[in-house]
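Peer 1:
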Amino acid sequence: MGKKQYYETAKPQETAVLVAVPSYRQTDEQTQEYLDELAFLTETAGAQTVKRFVQKLDKPDRATFVGSGKLEEIKAFVKEHNTDMVIFDDDLSPSQVRNIERELQVKIVDRSLLILDIFALRAKTAQAHAQVEMAQYQYLLPRLTNLWTHLSKQKGGIGMKGPGETEIETDRRIVRDKISLLRERLKKFEKQNFEQRKARAGIVRVALVGYTNVGKSTLMNLLSKSEVFAENKLFATVDATVRKVVFENIPFLLSDTVGFIRKLPTKLIESFKSTLDEIREADLLVHVVDISHPSFEDHIAVVNETLKDINSAEKPVLLVFNKIDQYLQQREQELKEEEADVRPSIDDLKATYMAKEHAPALFISATNKLNIDELREELLRRVSEIHFERYPNNV
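Residue numbers for the sequence shown follow this note's numbering, so the first one is 567 and each next one is one higher.
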């Protein structure tokens, strides 16, 4: 017998071109940071970035988002390198997707679709799957005509226009029915969640919030001594996780919630209502920030804006800066290289944010367990205040 032959069955990694259309007000540094985030999202979804294109415009082109010259440039690259898809750092209208797809002849993905794809990969529970599925159908509904472009190529003709429209209408009805079914299923989940929350009424509730990939799950594991999935990728956590924690005989519930991000699709915020209820009904929010990220102040602003969107901006907040080990390494490198713009010391930052927040700002490393005792003490102080206010006889 001859040697056995083995065949490669693994799918090759998809390749992607990234496209950003910033306004003239946006700096080049900001544009690159935003494209870095888009590249990280692309990697998280399982594709490899091979090229970035940027075109500054007062406003995106209504037909093709980018100008005709830039579209030709992207087309030439995609064709030469046989690229699988083009990903835009903004949401595209259905007509823009059709026009760009017709011109480039590859898969066109906008920011919302990319994030939805990652959420679909990350969803673990039946509830999360239903939430993501509903958001996907809501995204798909206005774009259904794109599925029937093969009919338009025949430019009318007897028997073509009517059946095409019928197929689209049939699809729309199916999608609307799916959305209705999912909405009903999610109502049942919400009812179950409400009953669960009612059963634990009275106990103090603390929610970890923050931009995606700031280390909330690692911190959750540390404080609750549990094993919540944590990974250095965007949206490692999609499902809300709740654990009971006891500090010095004071119990409280700690929840890890989905991370926020720039331009988070509105449909996702709507679909993840029950997950976000953990934030809405929390007594205290622990806002975790990745201090080592160059745009951490922008991230704080995004989280604060999202909290405002879900009517949770007025809640008591404990600001916790994570990854100080990485921040200090970066600062040491800047000092060594005698850079002109050296980032502030931790003491300077502490003084700044204490003045801004009128409360302690904590600086920790969840991975290296730096200053965790300080965080525990502050959490205990805050939780105890709420607990004894609620149960004065327990003093």
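Glycine residues also receive a C-beta, built at the ideal position from the N, C-alpha and C atoms.
1. Given that a residue counts as buried once 16 or more other Cβ atoms are within 10 Å of its Cβ, and exposed if not, what is His-953?
2. Helix, strand or coil for Gly-728 per DSSP?
3. Using a Cβ-Cβ cutoff of less than 8 Å, which residues in the same chain neighbour Asp-775 once the five nearest sequence positions on both sides are dropped?
4. Alpha carbons only, please: which of Lys-673, Ala-848, Met-700 is nearest the one belonging to Ala-686?
5. Where Asp-627 and Ser-678 are concerned, what is the direct C-alpha to C-alpha distance, given to the nearest angstrom?
6. Between Asp-683 and the rest of its own chain, which residues show a CB-CB distance below 6 Å, the 5 nearest in sequence each way excluded?
7. For Val-698, which option in Leu-748, Val-811, Lys-753, Ser-878 has the closest C-alpha, if you only look at C-alpha atoms?
8. Taking all protein chains shown into account, decide if Thr-832 is buried (16 or more other Cβ within 10 angstroms of its Cβ) or exposed.
9. Using only CA atoms, which one of Thr-593, Ala-689, Gln-671, Ile-681 lies nearest to Arg-828?
10. Using a 10 Å radius around the Cβ and a threshold of 16 neighbouring Cβ atoms, would you call Ile-653 buried or exposed?
11. Could you tell me which residues DSSP puts in a beta bridge with Glu-580?
12. What do you reckon, are the CB atoms on Leu-604 and Leu-584 nearer than 8 Å?
13. What are the uninterrupted segments assigned as beta strand (DSSP E) that are 3 or more residues long and contained completely in the region 654-687, given in chain order?
14. Using 10 angstroms around the beta-carbon of Leu-901, count the other beta-carbons present and answer buried if the total reaches 16, otherwise exposed.
15. Any idea what DSSP makes of Ile-866, helix, strand or coil?
16. Rounded to a whole number of angstroms, what is the C-alpha to C-alpha distance between Gln-596 and Phe-887?
17. Spell out a yes or no on whether the region 664-677 and the region 641-655 are touching, meaning 3 or more CB-CB pairs, one atom from each, closer than 8 Å.
18. Could you say if the region 742-759 and the region 935-952 meet the contact criterion of at least three C-beta pairs nearer than 8 Å?
19. If we ignore side chains and look at the alpha-carbon of each, how far apart do Asn-787 and Ala-629 end up?
20. Counting C-beta neighbours from all protein chains within 10 Å, is the total for Ile-666 16 or more, i.e. buried, or is it exposed?
21. Could you check where the beta strand (DSSP E) with Ser-878 kicks off and where it finishes?
22. Does the distance from the C-beta atom of Ile-866 to that of Ile-930 stay below 8 Å?
23. Along the chain, where does the alpha helix (DSSP H) containing Gly-635 start, and where does it finish?
24. Classify Gln-579 as buried or exposed, calling it buried when 16 or more other Cβ atoms lie within 10 Å of its own Cβ.
25. What does the Cβ neighbour count give for Ile-857, buried or exposed, with the cut at 16 atoms within 10 Å?
26. For Lys-636 and Arg-688, what's the separation of their Cα atoms in angstroms?
27. Are the C-beta atoms of Lys-764 and some chain B residue less than 8 Å apart?
Peer 2: Walking through what the data contain:
1. Counting every other CB atom within 10 Å of its CB across the protein chains shown gives His-953 a total of 16 or more, marking it as buried.
2. Note that Gly-728 has pLDDT 43, beneath the 50 cutoff, so the model's placement of it is unreliable and the number below is only indicative. Note: Gly-728 maps to helix in three-state DSSP.
3. The sequence shown places Val at residue 775, rather than the Asp named in the question. Answer for Val-775: Lys-782, Thr-823, Phe-826, Ile-845, Leu-851, Val-852, His-853, Val-854, Val-869, Leu-873, listed in chain order.
4. The candidate whose alpha carbon is nearest that of Ala-686 is Met-700.
5. Ser-678 has its alpha-carbon roughly 19 Å from the corresponding atom of Asp-627.
6. Spatial neighbours of Asp-683 in its own chain (CB-CB distance under 6 Å, excluding positions within 5 residues in sequence) are listed in chain order as Ala-611.
7. Comparing Cα-Cα distances from Val-698 to each of Leu-748, Val-811, Lys-753, Ser-878, the minimum goes to Leu-748.
8. Result: exposed.
9. A check of alpha carbon separations from Arg-828 across Thr-593, Ala-689, Gln-671, Ile-681 identifies Ile-681 as the nearest.
10. Its Cβ being crowded by 16 or more others within 10 Å, Ile-653 is buried.
11. Its beta-bridge partners are Ala-613.
12. Result yes, Cβ atoms of Leu-604 and Leu-584 sit closer than 8 Å.
13. Counting whole runs of 3 or more residues, the region 654-687 contains the beta strand (DSSP E) stretches 673-675.
14. Exposed is the call here.
15. Secondary structure of Ile-866 (DSSP, three-state): helix.
16. Straight-line spacing of the CA atoms in Gln-596 and Phe-887 works out to 22 Å.
17. Segments in contact, yes.
18. Touching, no.
19. Straight across, the Cα-Cα distance linking Asn-787 with Ala-629 is about 48 Å.
20. Ile-666 should be labelled buried.
21. According to the DSSP assignment, Ser-878 belongs to no beta strand (DSSP E), since it is labelled neither H nor E.
22. No, Cβ-Cβ distance for Ile-866 and Ile-930 is not below 8 Å.
23. Per DSSP, Gly-635 belongs to the alpha helix (DSSP H) from 634-647.
24. Gln-579 should be labelled exposed.
25. By the 10 Å Cβ count, Ile-857 comes out buried.
26. Lys-636 and Arg-688: Cα-Cα distance of roughly 34 Å.
27. The structure shown contains no chain B; it is built from a single protein chain.
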